[in-house]
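Below is one structure, written out as structure tokens; comments come after it.
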Amino acid sequence: QTQKRVENLESVNYKTLQCVGHLRKEQIIVKEIQPDVMIEDSPELIESFCNAGLYVIYPDWHPYTKGMDRYATPFSHWQEVPDLLKKTS
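Just add 24 to wherever you are in the sequence shown, counting from 1, and you've got my numbering.
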């Protein structure tokens, strides 16, 4: 499982997933990459990743992410991310 995850992460990058649309991004992340944590700001993807059992963190400074705390863990500053990532291990 870990080796497959490493291979998947090496073969994909942010621009690749940015261009495929939400549905395909969700499929790739959930079925192929299976990360320990996702940093996401799209409300639809936050909910989808949460429902798929992924630990999701998101920046709470966007108006459109208000209320997403029922699905994911918000952060207000990028400096908080390392501590949130420690919670996954």
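Using N, Cα and C, we set each Cβ at its ideal position, and we do this for glycine too.
This structure is a prediction, so every number in the text was calculated from the model and none was measured.
Beta-carbon spacing of residue i, residue j below 7 angstroms
i          : j          : result
residue 46 : residue 68 : yes
residue 88 : residue 61 : no
residue 70 : residue 92 : yes
CA nearest to the CA of residue i, picked from the options
i           : options         : result
residue 77  : 91, 49, 96, 103 : 96
residue 103 : 83, 56, 93      : 83
residue 66  : 58, 55, 49, 56  : 49
residue 94  : 101, 110, 73    : 73
Close Cβ partners of residue i (< 8 angstroms) along its chain, the five nearest in sequence each way excluded
i           : result
residue 105 : 63, 81, 99
Chain B contact for residue i (CB, 7 angstroms cutoff)
i          : result
residue 51 : Protein chain content of the structure displayed is limited to a single chain, and chain B is not contained in it.
Beta-carbon contacts of residue i that lie in its chain and below 6 angstroms, excluding the five residues immediately before and after
i          : result
residue 75 : none
Supposed close pair residue i, residue j - CB separation, criterion 8 angstroms
i          : j          : result
residue 52 : residue 59 : Not quite, the Cβ-Cβ distance comes to about 11 angstroms (not below 8 angstroms), so this is no contact.
Residues near residue i in its chain [Cβ-Cβ closer than 7 angstroms; skip 5 each side]
i           : result
residue 112 : 60, 61, 79
Inset, instruction - List in chain order: all unbroken beta strand (DSSP E) runs of 3+ residues lying wholly within the stretch 47-98. - result: 61-63, 79-83
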